[in-house]
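Right, one structure below, let's go through it.
Residue numbers (the numbering used here), protein chains in the order written: chain A, 61 to 446; chain B, 829 to 1167; chain C, 36 to 194.
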């Protein structure tokens, strides 16, 4: 017999397959992997024996580019493109890192604007996460409702800085444009419009029995495993760990607002299953609306460009600053050698770390569950690959 | 009806061919309309508009445009696919759905073949689609298609059982498998319909049958075989052009066939709900088609509302929920009839 | 615990491994340690009941220039809410750092990335292979002396 038919089959990492096992590739082009991600599934019938993620299809050399910029501000458009769905949060984390290096403090109005933009961006990002999650599981309609609501948020962003997805808005030391007239009223209108829509989403998708059956007790991530694997954001809070960077490692002015950290309690199944992560996202949207409303009431007047430095030459040193993006902890480790060009910018992306736990939580479930689990991890390949 | 045709055309074979092609007069326009309707229904449920421009008013010519496009598309067959099976599979699937129309009465005078075992024939021949689906999944030489085909085969075969059992309830009440006679037994006002008689057993059987028929036609929430987000497109991933169109046509024909069976057995078929008012052989066609379309619209409505079940949950529903309840209905009706 | 207390605790247990402690004058206090002792120190920091560094925030590779590569470990404790940074330095031609992936499983992918982009070999890593770049990519791009290859798999690279 030819050797190809008798030689043992191996996976790409060299593991030898048993006779019943089959290797199926999910991706890089697949409707449910949320981008160019290749999940090599080793399955025994319908049961998944192992998952090997292959990433790097969207690697765009962010860190190398950052080392060749002539100016620290020039890195900000690249930061947008890391997690393109939560671009405001990416910009903000980087700006926080450089501001810490320089030791500058931004005006009050800038802080309020940044909080409003970041929380609106959080709502928009969670809407995509929830909509596409329903789409993965076959619920086609909530996807469009979520996008309809997200359009209103994108309208607000377009009013302010002209862009809908990649803003280049939050600069080191301030923001690029002040809020246009009419923004505050329109944002308040949006908050009033959006609250009942969360209830509609809950009626349609969250408590739907089929949806619950697909996500409860699936992909259970215990809390200690989550911490050991460095998970953050809704993945960590869905496993019952009450930890949110906005409250526990505070930055900016979050301590002036009243809001609650949402934690998964295993209401529909086990603590740390896909439903818990999903409901943490839904409830975080409600809390973000609260924060936006409070910020819109408290906002002060001022000049948004007064603290933007003309020339950025940080002292020699390094700093690691992190903030809470919709996906988790986005951190920038910036090393400066005293010149105007960054020496090293490392982006610690939440989706990269959250994806690394996927093999652990997929074993023993079915192929359809892998889709549910990958959707609940909520990855964006732009920041996984940078 | 064939007597009528024999008096016009002399040739017997020609008569049979015409009679065999007659359901196509309904199915093809219906399929074109149903595709447009599904897109419009989905759009309005999702807070958007759907096709608006093709042909002018609300994009009514969209289906025609789609058919034209599919007809002139390049037919791509994977290089290592099993050519004969790949070619035959769409036809087998279509034949399975289409042959069921032979025994379904469109009106008191309009039925393809008035056989005594009409219902038995309909159920049996519509199971032929399983063979076609398996052929499609295997011949594509694609692991995802194969998975989809396996799931679909398991699903359709499992759901045949609650289907047959639920229909048996009606057969017990009617005392015959002949579909035309079952229809004639339901003449009168709508409370003569079997779904309201000997309450609640045929009513429960009706619900069981409707749910099981969703699984028979691979519609959400049972559409794992063609789950776009998991299996790319399941067993018809590797099909393009007219063969894909044929799969689609078969799916819509199947949807109408199961709706037609449901309305025939439970809701009076071609009978008018008002007794003799608006009754008769010509109005019968209208009532029959509207009842069938009503269920088709409900199937579409469910598709855009509910998420899909996982394959083992689907099997659970079939074997542990629907089948026992269907048995309970049969036992209940049996006791009722004996007393 | 303040960074000074953590540094003192480390000095008490591993005085010969500590190369440099910088607390004042540094925006993020750090402790520079000998690469060979990294695994022991990391285990101590993770398991000691007073420090309890259970969360590895970030593991970055570094090119420190002058033929030296390094690794930067940002540690955090969720239970105690304190941070510390560890730095190690190895020569570029023999870049080997003990792996901490058995202590913090998150380090698995971070170390693969540092290997991919810098060429630092992590001894004891279960599966050290490239993660972002293709397996046959020549060189380690984030090193300062990296030259973009002229051709890659027959395609001209600089255009």
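In this text, a Cβ means the ideal position worked out from N, Cα and C, and glycines have one as well.
Alpha carbon to alpha carbon, how far is residue 1069 of chain B from residue 901 of chain B? In a straight line, the C-alpha of residue 1069 of chain B is about 5 Å away from that of residue 901 of chain B.
So, does the CB of residue 164 of chain A fall closer than 8 Å to a CB anywhere in chain C? Nearest CB-CB separation between residue 164 of chain A and chain C: not below the 8 Å threshold.
Using a Cβ cut-off of 7 Å, which residues of the region 115-146 of chain A contact any Cβ in chain B, in chain order? For the region 115-146 of chain A, no residue has a beta-carbon sitting nearer than 7 Å to a beta-carbon of chain B.
Let me know the secondary structure DSSP gives residue 438 of chain A once reduced to three states. Coil, per DSSP.
Looking at the secondary structure, which residues open and close the beta strand (DSSP E) in which residue 101 of chain A lies? The continuous beta strand (DSSP E) containing residue 101 of chain A extends over residues 98-104.
Residue 964 of chain B vs residue 1036 of chain B beta-carbon contact at 8 Å: Annotated as distal: residue 964 of chain B and residue 1036 of chain B, with beta-carbon spacing of 8 Å or more.
Grouping DSSP H, G and I as helix and E and B as strand, with all else coil, what is residue 291 of chain A? Residue 291 of chain A carries a coil assignment under DSSP once its states are collapsed to helix, strand and coil.
Could you give the first and the last residue of the continuous alpha helix (DSSP H) run that contains residue 75 of chain C? Its alpha helix (DSSP H) spans residues 73-82.
By the criterion of Cβ-Cβ separation under 7 Å, what are the contact partners of residue 416 of chain A in chain C? In chain order: 141, 143 and 144.
Am I right that residue 278 of chain A and residue 363 of chain A are in contact with their C-beta atoms under 8 Å? What's the rounded C-beta distance? Not really, about 51 Å apart at Cβ, beyond 8 Å.
Rounded distance between the beta-carbons of residue 886 of chain B and residue 897 of chain B, thought under 8 Å: Contact flag wrong, Cβ pair sits at about 19 Å.
DSSP state of residue 390 of chain A, grouped into three classes? In the structure shown, residue 390 of chain A sits in a strand (DSSP, three-state: E or B).
Please list the terminal residues of the continuous alpha helix (DSSP H) segment that includes residue 858 of chain B. Where residue 858 of chain B is concerned, the enclosing alpha helix (DSSP H) stretches over 840-873.
Using a Cβ cut-off of 8 Å (strictly closer), state whether residue 200 of chain A contacts chain B. So yes, residue 200 of chain A belongs to the interface.
If the cut is a Cβ gap below 7 Å, which residues of chain A does residue 869 of chain B touch? Chain A residues near residue 869 of chain B: none, gap ~11 Å exceeds 7 Å.
Within 8 Å (strictly less), CB to CB, does residue 303 of chain A reach chain C? Under the 8 Å criterion on CB atoms, residue 303 of chain A is classed as interfacial with respect to chain C.
Of all the options C/143, C/151 and C/137, which has the alpha carbon lying nearest to the alpha carbon of residue 130 of chain C? Residue 130 of chain C has its Cα closest to that of C/151, out of C/143, C/151 and C/137.
Members of the region 68-99 of chain C near chain A, C-beta cut-off 7 Å: Residues of the region 68-99 of chain C with a C-beta atom less than 7 Å from some C-beta of chain A are 89, 90, 91, 92, 93, 95 and 97, listed in chain order.
Alpha helix (DSSP H) runs contained entirely in the region 939-1026 of chain B, provided each spans 4 or more residues: If we require 4 residues or more, the alpha helix (DSSP H) runs fully inside the region 939-1026 of chain B come out as 946-954, 956-967, 971-1002 and 1007-1012.
Step through the CB atoms of chain A and report whether any lies within less than 8 Å of the CB of residue 971 of chain B. Yes - at least one Cβ of chain A is within 8 Å of the one on residue 971 of chain B.
Inspect the beta-carbon positions of residue 141 of chain C and residue 288 of chain A and report whether they are closer than 8 Å. One thing to note: residue 141 of chain C has its Cβ within 8 Å of the Cβ of residue 288 of chain A.
Name the residues in the region 842-874 of chain B whose C-beta lies less than 8 Å from a C-beta of chain A; which are they? Taking 8 Å as the cut-off between beta carbons, the residues of the region 842-874 of chain B near chain A are 870, 873 and 874, in sequence order.
Start and end residues, beta strand (DSSP E) containing residue 476 of chain A: No information on residue 476 of chain A is available, as it lies outside the stretch 61 to 446 that chain A covers here.
For residue 371 of chain A, count neighbouring Cβ atoms within 10 angstroms of its own Cβ and tell me buried if that reaches 16, exposed if not. Exposed, by the Cβ-count rule.
Decide yes or no for the touch test of the region 181-198 of chain A against the region 380-397 of chain A: beta carbon pairs closer than 8 Å, at least 3 of them. Output reads yes: the region 380-397 of chain A touches the region 181-198 of chain A.
Quick one: give me the first and last residue of the alpha helix (DSSP H) that residue 1034 of chain B is part of. Its alpha helix (DSSP H) spans residues 1029-1044.
Indicate whether residue 855 of chain B and residue 1081 of chain B have their beta-carbon atoms separated by less than 8 Å. By the CB criterion at 8 Å, residue 855 of chain B and residue 1081 of chain B fall inside the cutoff.
Check whether chain A comes within 8 Å of residue 168 of chain C, counting only Cβ atoms and requiring the distance to be less than that. Residue 168 of chain C counts as touching chain A.
For the region 1133-1149 of chain B, which residues have a CB atom closer than 8 Å to at least one CB atom of chain E, in sequence order? Any reference to chain E falls outside this structure, whose protein chains are A, B and C.
I'd like to check one pair, residue 152 of chain A with residue 169 of chain A: are the Cβ atoms closer than 8 Å? The beta carbons of residue 169 of chain A and residue 152 of chain A sit no closer together than 8 Å.
Counted within 10 angstroms of its Cβ, other Cβ atoms place residue 1166 of chain B as buried (16 or more) or exposed: Answer is exposed; the Cβ neighbour count stays below 16.
Rounded to whole angstroms, what's the CA-CA distance from residue 208 of chain A to residue 95 of chain A? Just pull it up for me. The alpha-carbon of residue 208 of chain A is positioned some 22 Å away from that of residue 95 of chain A.
Just how far apart, CA to CA, sit residue 232 of chain A and residue 138 of chain C? Their backbone Cα atoms lie some 36 Å apart in a straight line.
By the three-class DSSP mapping on this structure, what secondary structure does residue 1146 of chain B have? In this structure, residue 1146 of chain B counts as helix in the three-state DSSP scheme.
Mapping the DSSP letters down to three states, classify residue 56 of chain C as helix, strand or coil. Here residue 56 of chain C sits in strand by DSSP.
8 Å is my cut-off, CB to CB: does residue 61 of chain C come that close to chain A? At least one chain A Cβ lies under 8 Å of residue 61 of chain C.
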